[in-house]
Ligand code: PLP
């Protein structure tokens, strides 16, 4: 349909009058109006196109408006638009089968949810019910979602005004650039973070700990790639104390790191680092229809063969979501989209961002893999003092002015395009980042 700038004005006015936004003081919001999108681009009602290097909320892994996913949703809507979770449905079975196959031999079944937070909620419930323990250990540098146990598990500032659930214990995970353990090498950071985790378990009482909940690569907290050996160490600790390991792959999963799941990464030995439960959402269907879920180990699945699982959702395994998962996973497999993410990271984004860091002293560290990168911005490379919100605000404005949709968190710019991004699009974005850093440094 032809774009009408008047629709853009109407969308903005309606939003400001009637829409209540997430995580914001409502008064001063100035939302960017999106009219449409395809591939790695979005556009407004003036027809101005922007490169989406945010993947919205780091979820459009397959890009916008993938034609076979859109067609699958349309076809499913015409055949069966909704169904009770207790009935069997072909799309749901096919989606679950594909997800279990991608997760590998350590997994048996999938419980579907509406998104990431309720995936975490149900994974915690499964861990508590099967261990008959109540505490959950997670890290301060984490985000796990906006519901009862998920927000109490979250480490960042969003937990504090929402801390009504009990039984949550936090630890510092490994992060060499801003080490809490005074480490100088990745090996030290790994060993010390594992030791601190184990000491916390002992001090809390190992027989009170149901689960260790970790983002395989903490995302919103700054793309904190775990050091070699860390996830294997977590597996060992869980086995030693009979604790369930929940891998939160909501942001890191389904291609973002260049793997189907981040815990299957190149530096990780998946046979020694297989979680018991995987929470997923976002990239599983790139958010075309809200969906998430928990991939469940054979032992935990079997624990509910005779015993009732006391959890459920009206829309668990919703047909439109399921059809979009099947189509998205098939397209990602057939089109080599996960492999593309890996190559882009190794050959284009990684080298390109490191070259930017050579030029711009504000970039203290470049971290990431695949299409999952963070630029940790500092006022001084020696002290590593984070830049303030004013600098991030100016960078965002400079990037928008260059038609790149940015993702910013704290003192960082996260470079997180869809997994389908091309080398040419990366080049375009790198020019914009380069110019934006130059402009902000000059200003
Ligand atoms: N877990 C992680 C790692 C996330 O990044 C998010 C969302 O950003 C969530 C959980 C919550 O997912 P949702 O917003 O779909 O509830």
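In this note's numbering, the protein residues as written are 5 to 447. Cβ coordinates follow ideal geometry from the N, Cα and C atoms, glycine included.
Limits of the beta strand (DSSP E) - the one that residue i falls within
| i | result |
| --- | --- |
| residue 371 | 367 to 373 |
| residue 137 | Note, residue 137: premise wrong, no beta strand (DSSP E); not H, not E. |
| residue 40 | 40 to 42 |
| residue 117 | 113 to 117 |
| residue 442 | That residue, residue 442, is in no beta strand (DSSP E); its alpha helix (DSSP H) goes 427 to 446. |
| residue 383 | 376 to 384 |
| residue 411 | 411 to 413 |
| residue 251 | 248 to 252 |
Pairwise C-alpha distance: residue j and residue i
| i | j | result |
| --- | --- | --- |
| residue 92 | residue 320 | 11 Å |
| residue 174 | residue 302 | 28 Å |
| residue 160 | residue 146 | 6 Å |
| residue 310 | residue 227 | 40 Å |
| residue 153 | residue 168 | 9 Å |
| residue 223 | residue 255 | 6 Å |
| residue 469 | residue 138 | Given a span of 5 to 447 for the chain in the structure shown, any question on residue 469 remains unanswerable. |
| residue 81 | residue 325 | 10 Å |
| residue 180 | residue 230 | 9 Å |
| residue 316 | residue 155 | 19 Å |
| residue 143 | residue 200 | 11 Å |
| residue 250 | residue 20 | 39 Å |
| residue 385 | residue 369 | 9 Å |
| residue 2 | residue 64 | Within the shown structure, residues of the chain are numbered from 5 to 447, placing residue 2 beyond reach of any answer. |
| residue 50 | residue 130 | 49 Å |
| residue 43 | residue 212 | 47 Å |
| residue 327 | residue 436 | 37 Å |
| residue 135 | residue 279 | 15 Å |
| residue 111 | residue 361 | 41 Å |
| residue 96 | residue 241 | 34 Å |
| residue 217 | residue 132 | 12 Å |
| residue 289 | residue 164 | 31 Å |
| residue 57 | residue 429 | 10 Å |
| residue 202 | residue 61 | 33 Å |
| residue 336 | residue 206 | 43 Å |
| residue 380 | residue 101 | 39 Å |
For residue i, the residue or residues it bridges with in DSSP
| i | result |
| --- | --- |
| residue 91 | In the DSSP output, where bridge partners are listed per residue, residue 91 has none listed. |
| residue 143 | 175 |
| residue 54 | 46 |
| residue 213 | 139 |
| residue 297 | 116 and 284 |
| residue 416 | 380 and 413 |
| residue 279 | Partner(s): none; residue 279 has no beta bridge. |
| residue 218 | 251 |
| residue 408 | 55 |
| residue 68 | 43 |
| residue 389 | 384 |
Cβ-heavy atom distance, residue i to the ligand PLP, below 6 Å
| i | result |
| --- | --- |
| residue 240 | no |
| residue 414 | no |
| residue 252 | yes |
| residue 174 | no |
| residue 219 | yes |
| residue 121 | yes |
| residue 148 | yes |
| residue 378 | no |
| residue 373 | no |
| residue 404 | no |
| residue 225 | no |
| residue 285 | yes |
| residue 255 | yes |
Boundaries (first-last residue) of the alpha helix (DSSP H) holding residue i
| i | result |
| --- | --- |
| residue 241 | 234 to 245 |
| residue 342 | 341 to 347 |
| residue 304 | 302 to 307 |
| residue 263 | That residue, residue 263, is in no alpha helix (DSSP H); it is neither H nor E in DSSP. |
| residue 206 | 190 to 208 |
| residue 323 | 323 to 338 |
| residue 30 | Note, residue 30: premise wrong, no alpha helix (DSSP H); not H, not E. |
| residue 311 | Segment: none, residue 311 is in no alpha helix (DSSP H) and carries neither H nor E. |
| residue 159 | Where residue 159 is concerned, there is no enclosing alpha helix (DSSP H), given that its DSSP letter is neither H nor E. |
| residue 22 | 9 to 22 |
| residue 358 | 354 to 363 |
Residue i: CB within 6 Å of a non-hydrogen atom of the ligand NAD
| i | result |
| --- | --- |
| residue 23 | Because the ligand NAD does not appear in the structure shown, any question about it cannot be addressed here, the ligands present being the ligand PLP. |
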